[in-house]
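One structure is given here, and the rest of the page talks about it.
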Amino acid sequence: MRHVIFFLDRDRYALPLDAVREVVNAPESYSRVPHAKDAVKGVMTLRGRVVPVVDLGRLLALGLQPPGKGKVVLLELVRRELGLLVTEVEGIESIEKVGPQGRASRMVRGLARVGPLTVTVLDVEGLDAAVTASFSSEPERNR
Amino acid sequence: MAAQWDTSRYLSLFVSEATEHLDALGKELVRLEGGVTPEAIDSLFRHAHSVKGMAGSMGYDPTTALAHSVEDLFERVRSAPARFDRAVADLVLQAVDALGGHVKAANERKPFPDNTALIAQLKELTQSLRPGTTPLPSAPPANAPLLETAGGPESELPPRWLVTLRVATHSAQPGVRGFLAYKRLASLGNLFRCTPSLDEVKAGRLPGGTFAVELESTEPEAAVAKTVSQVADVELVSLTRVASAPPPPAPEETKGTEPEPRVVGQEPPRTVRVRTELLDEFLDLAGELMLATAGVREVGRSLQEELRGRLNETTDRLHGLVRGLHDKVMKARMTPVSVITDRLPRAARDIARRRGREIELILSGSEVELDRAIVDELSDPVLHLLRNAIDHGVEPPEERRMRGKPPRGTVKLSVKRASDRVLLEVEDDGRGMDVERLKALAVERGLLTAEAARDLPEREALMLSTAPGLSTAASVTDISGRGVGMDAVKKAVEAVGGTLEITSRRGLGTTFRLSLPLTVAMVNLLLVGLGDDVYGLPIAKVAGVVETTRASLAHSRDVPVLQFGASVVPARELSAVLEVPGRPHDVAAVSPFVVVDTDDGRVALAVDALLGQEEVVLKALTRPLDQVPGLAGVTVLGNGRPVFILDVARLERPNRLPAVGEA
Amino acid sequence: MSKRVLVVDDSVFMRDIIKDIFAAGGFSVVGEAGNGVEAVEKYKELKPDLVTMDLVMPYRNGIDATREILRGDAKALVVMCSALGQETMVMEAIEAGAVDFIVKPPRAEDVLAVVKKVLGES
Numbered sequence: 007m008r009h010v011i012f013f014l015d016r017d018r019y020a021l022p023l024d025a026v027r028e029v030v031n032a033p034e035s036y037s038r039v040p041h042a043k044d045a046v047k048g049v050m051t052l053r054g055r056v057v058p059v060v061d062l063g064r065l066l067a068l069g070l071q072p073p074g075k076g077k078v079v080l081l082e083l084v085r086r087e088l089g090l091l092v093t094e095v096e097g098i099e100s101i102e103k104v105g106p107q108g109r110a111s112r113m114v115r116g117l118a119r120v121g122p123l124t125v126t127v128l129d130v131e132g133l134d135a136a137v138t139a140s141f142s143s144e145p146e147r148n149r
Numbered sequence: 177m178a179a180q181w182d183t184s185r186y187l188s189l190f191v192s193e194a195t196e197h198l199d200a201l202g203k204e205l206v207r208l209e210g211g212v213t214p215e216a217i218d219s220l221f222r223h224a225h226s227v228k229g230m231a232g233s234m235g236y237d238p239t240t241a242l243a244h245s246v247e248d249l250f251e252r253v254r255s256a257p258a259r260f261d262r263a264v265a266d267l268v269l270q271a272v273d274a275l276g277g278h279v280k281a282a283n284e285r286k287p288f289p290d291n292t293a294l295i296a297q298l299k300e301l302t303q304s305l306r307p308g309t310t311p312l313p314s315a316p317p318a319n320a321p322l323l324e325t326a327g328g329p330e331s332e333l334p335p336r337w338l339v340t341l342r343v344a345t346h347s348a349q350p351g352v353r354g355f356l357a358y359k360r361l362a363s364l365g366n367l368f369r370c371t372p373s374l375d376e377v378k379a380g381r382l383p384g385g386t387f388a389v390e391l392e393s394t395e396p397e398a399a400v401a402k403t404v405s406q407v408a409d410v411e412l413v414s415l416t417r418v419a420s421a422p423p424p425p426a427p428e429e430t431k432g433t434e435p436e437p438r439v440v441g442q443e444p445p446r447t448v449r450v451r452t453e454l455l456d457e458f459l460d461l462a463g464e465l466m467l468a469t470a471g472v473r474e475v476g477r478s479l480q481e482e483l484r485g486r487l488n489e490t491t492d493r494l495h496g497l498v499r500g501l502h503d504k505v506m507k508a509r510m511t512p513v514s515v516i517t518d519r520l521p522r523a524a525r526d527i528a529r530r531r532g533r534e535i536e537l538i539l540s541g542s543e544v545e546l547d548r549a550i551v552d553e554l555s556d557p558v559l560h561l562l563r564n565a566i567d568h569g570v571e572p573p574e575e576r577r578m579r580g581k582p583p584r585g586t587v588k589l590s591v592k593r594a595s596d597r598v599l600l601e602v603e604d605d606g607r608g609m610d611v612e613r614l615k616a617l618a619v620e621r622g623l624l625t626a627e628a629a630r631d632l633p634e635r636e637a638l639m640l641s642t643a644p645g646l647s648t649a650a651s652v653t654d655i656s657g658r659g660v661g662m663d664a665v666k667k668a669v670e671a672v673g674g675t676l677e678i679t680s681r682r683g684l685g686t687t688f689r690l691s692l693p694l695t696v697a698m699v700n701l702l703l704v705g706l707g708d709d710v711y712g713l714p715i716a717k718v719a720g721v722v723e724t725t726r727a728s729l730a731h732s733r734d735v736p737v738l739q740f741g742a743s744v745v746p747a748r749e750l751s752a753v754l755e756v757p758g759r760p761h762d763v764a765a766v767s768p769f770v771v772v773d774t775d776d777g778r779v780a781l782a783v784d785a786l787l788g789q790e791e792v793v794l795k796a797l798t799r800p801l802d803q804v805p806g807l808a809g810v811t812v813l814g815n816g817r818p819v820f821i822l823d824v825a826r827l828e829r830p831n832r833l834p835a836v837g838e839a
Numbered sequence: 005m006s007k008r009v010l011v012v013d014d015s016v017f018m019r020d021i022i023k024d025i026f027a028a029g030g031f032s033v034v035g036e037a038g039n040g041v042e043a044v045e046k047y048k049e050l051k052p053d054l055v056t057m058d059l060v061m062p063y064r065n066g067i068d069a070t071r072e073i074l075r076g077d078a079k080a081l082v083v084m085c086s087a088l089g090q091e092t093m094v095m096e097a098i099e100a101g102a103v104d105f106i107v108k109p110p111r112a113e114d115v116l117a118v119v120k121k122v123l124g125e126s
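Chains as they are written, first to last, in the working numbering: chain S, 7 to 149; chain V, 177 to 839; chain L, 5 to 126.
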């Protein structure tokens, strides 16, 4: 399966290509979302649509500085879109085997090797659930 | 069927569009003398279909019946273009003229002419064009055919081939691959007897990956083989010559030689589409005009008193005009629900056939109108509800008989106007939903605790079927649509500002009730600044604005209160209510306090700045934004900035309890 | 001379992937379009040997654009790009005259196999 490979700081991550609609430059500014948790950057407009954007590094609780400018990876979900702010997008690679290591949360499917490199493969549904939780005012649940 | 609503305001549109289609039909028919192509026939079919649809929505039954016979004839001709000769053309032209007479009669509000004889002739001709039957006696060979068929003169049938094909197992969409091969072969001549049937092929049900068709073509054997070889993932298993004489038409044969079902949801005529796109632009422009008007008013504030008064007078008038324009555009956007329900009988039949069900679909109220944007959004959800009703609701005929129900199930789709909402119901008389099983599944998937499930009222338990990943279907069939389940239906309905409700009784059936707004909502907003952010407060909920210093606020039981008119209201920082950072403020500096009406009474909200009023189109929130408490929607300002509209009535409490199944 | 291809998709991202596949397969991508209207214009202007056409696009969807292209040039070779779950739409496109289809996310070997078949190169 083809995956989009991108960086969070210096580490490589992957998301399945069929879940990614497009990649755009991060906007200059976002509109803030009330009550949202830290990971939520805000909303941006893209061709008239209002798209929520989440700082993926924060969502994964990696303790990273937010990327200076960065790219927004747009996930295409059923009838809606979700933006993930990442440091940079590297390219597309085929990933077949995903090992169970690194499954710290439902957001991570596991680790995979692309050539000599190790990438963390993310789980779209897990991410979606975590993002939804970060927008709600409910106390964070155990994930 | 007599139209229950006032059709007079559509009459001129009907007359102009129907005339357009009939003119085009006439012209294209004549042009066919230059050669018959499948595209040309498709185009003729579409014109007839459009006229039928329009006449149907106007309630002109005789016109609908006549157009329908023409449409049927074209549908048959599509699968046997060789039979399109002068006799066919003459009869169709006669029908076109008759339809023209209907349009004229409608326009003059006179009774429709009687065309029973003509309709009978059309039907007879359609019957006679069944593949495998000989040409009409009324079209003797002396009548030169309008086109040279690939098969040469009609009297000599071209050779017949039995073509057996195999679709590669690794193919991503074997059904589509099979269909593609079928269509390619169809370009060589006439196809008969597809085994399994074309519907089965399209659904990808190919035993051992193979299917066979009989092809009547004058093309050499090698050309047939070459055509197949040009389709990726499809392999020619065998190609054998079979007896040319067509078998006598048998009932079974109908299935294989049936003309391909036309594509569900025929596109509306081109002119209509252009116009509706234009309507979208009108709406955008009307919205921008409103913003521009607000901009002019803003400029006026810096003018001297006397000039400002005169300018305001003009801007008020301008605003009124723009508002009027906007209302007219909204009105013009109203579209009958029939745009989506027209294709349902066909879809219902297809689904029922595939699932071995017998169904009667009863449509009512399709003439009720909604904003076109809402109608567009509802198209998929309504089809999905219909699928669900047939697929999971209505039992197979044997089971129904055993339960003492008529073998044929009924699905009713009714649309009703109820004050400022539209109610759309999909009701089946099937087996009903199993509440206990839904609860058990939800517990199993960890969406609910066993205790919570036990205490869950039935109404909410039924809504569990809309939780992502929960479905009562034991298996996912190609018909139910993978991954797009009831959760998508619920989301789509809510995205247009509607609500979904389910009622169900075991053994008796299920009803899905959609309550929808008539139009996309307009709201008048007071825009307020908080730090660098802008929020919108619906003016309807704003009682007034007081400018004062925080230091001057009185206190009542430690709560700061603001004097407002004769009463005092509690004062809150909007930034604290929304949990967003505000500007550091100087207690001695004057700040605006916006007094709003919440469900818990009046509250004064301190903001950093008042940025003016605007009238905007409210967009519904999609997940995850719909999880944020205190938001009514979002809008995009003229400068492209997204602005949240606060749900003032429920500002202080979470307005959305987590939906059942998420807790 | 390498065959000339027009790539139509509303996602720049998807266009890039498809372009790369064609480049690696020895085809020359002579143009790209992001919506159906542009696709029809580009087709008239460039007269490519083959078009890959996304199904769902703004302004004019891939099916309508295919119809329009074929109206102007009955010999046009249009290959649809579809996703799983869009079977009905692909069949509609085939009905409209598309010669074949590829499934997204596109795999290089599948795309090249389909395209070569369509162009009669294998």
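Quick reminder that beta carbons are idealized off the backbone N, C-alpha and C, glycines included.
Residue environment, residue i, which counts as buried when at least 16 other CB atoms sit within 10 Å
i	result
V:His197	buried
V:Pro422	Note that V:Pro422 scores 41 on pLDDT, short of 50, meaning its location in the model is unreliable and no value can be drawn from it.
V:His223	buried
S:Met7	exposed
V:Thr310	Only weak support exists for where V:Thr310 lies, its pLDDT of 43 falling under 50; the value from the coordinates is given anyway. Exposed is the call here.
V:Met578	exposed
V:Arg576	buried
V:Pro313	Note that V:Pro313 scores 38 on pLDDT, short of 50, meaning its location in the model is unreliable and no value can be drawn from it.
V:Val783	buried
L:Lys48	exposed
Run of the beta strand (DSSP E) containing residue i, from where it starts to where it stops
i	result
V:Lys592	Gly585 to Ala594
V:Tyr711	Asp709 to Pro714
V:Gly532	From DSSP, V:Gly532 is part of no beta strand (DSSP E); its letter is neither H nor E.
V:Ile821	Pro818 to Leu822
V:Gln789	Ala785 to Val793
V:Gln739	Val735 to Phe740
S:His9	Arg8 to Leu14
N- and C-terminal bounds of the alpha helix (DSSP H) containing residue i
i	result
S:Tyr19	Per DSSP, S:Tyr19 belongs to no alpha helix (DSSP H); it is in the beta strand (DSSP E), Asp17 to Pro22.
L:Ile106	Premise fails: L:Ile106 lies in the beta strand (DSSP E), Asp104 to Lys108, not in any alpha helix (DSSP H).
V:Pro350	Pro350 to Ala362
V:Lys378	Leu374 to Lys378
V:Ser255	Asp237 to Ser255
Partner residues on chain V for residue i, Cβ-Cβ distance less than 7 Å
i	result
L:Glu91	Gln349, Gly351 and Val352
S:Thr124	Per Cβ cutoff of 7 Å: no residues; S:Thr124 is ~30 Å from chain V at best.
Within chain V, partners of residue i - CB distance below 8 Å
i	result
L:Ile73	None at all; the shortest Cβ gap to chain V is about 12 Å.
Neighbour list for residue i in chain L, Cβ cutoff strictly below 8 Å
i	result
S:Val120	Those within 8 Å of S:Val120 in chain L number zero; the least Cβ separation is about 16 Å.
Under 7 Å from the C-beta of residue i: neighbouring residues of chain S
i	result
V:Gly712	In chain order: nothing, as chain S lies at least about 11 Å away.
Contact set between residue i and chain S, taken where Cβ atoms lie within less than 8 Å
i	result
V:Lys795	Val56
V:Gly213	According to the sequence displayed, residue 213 of chain V carries Thr and not Gly. Those within 8 Å of V:Thr213 in chain S number zero; the least Cβ separation is about 37 Å.
Sub-8 Å separation of residue i and residue j beta-carbons
i	j	result
S:Arg112	S:Gly132	yes
V:Ala408	L:Ala117	yes
V:Val737	V:Ala747	yes
V:Leu391	V:Leu361	yes
V:Thr725	V:Val766	yes
Contacts of residue i in chain L (Cβ-Cβ under 7 Å)
i	result
V:Val475	Chain L residues near V:Val475: none, gap ~35 Å exceeds 7 Å.
Chain V residues whose Cβ lies nearer than 9 Å to that of residue i
i	result
S:Thr93	Result: empty, since nearest Cβ-Cβ is about 23 Å, beyond 9 Å.
* Would you call the segment 540-550 of chain V and the segment 588-603 of chain V in contact, with 3 or more CB pairs under 8 Å? -> yes
* Asked: Are the segment 607-618 of chain V and the segment 632-645 of chain V touching, with three or more C-beta to C-beta distances below 8 Å?
  -> yes
* Asked: Hey, is the segment 101-116 of chain L in contact with the segment 22-40 of chain L, meaning 3+ C-beta pairs nearer than 8 Å?
  -> yes
* Kindly confirm or deny that the segment 125-135 of chain S and the segment 93-108 of chain S touch, where touching means at least three C-beta pairs closer than 8 Å. => yes
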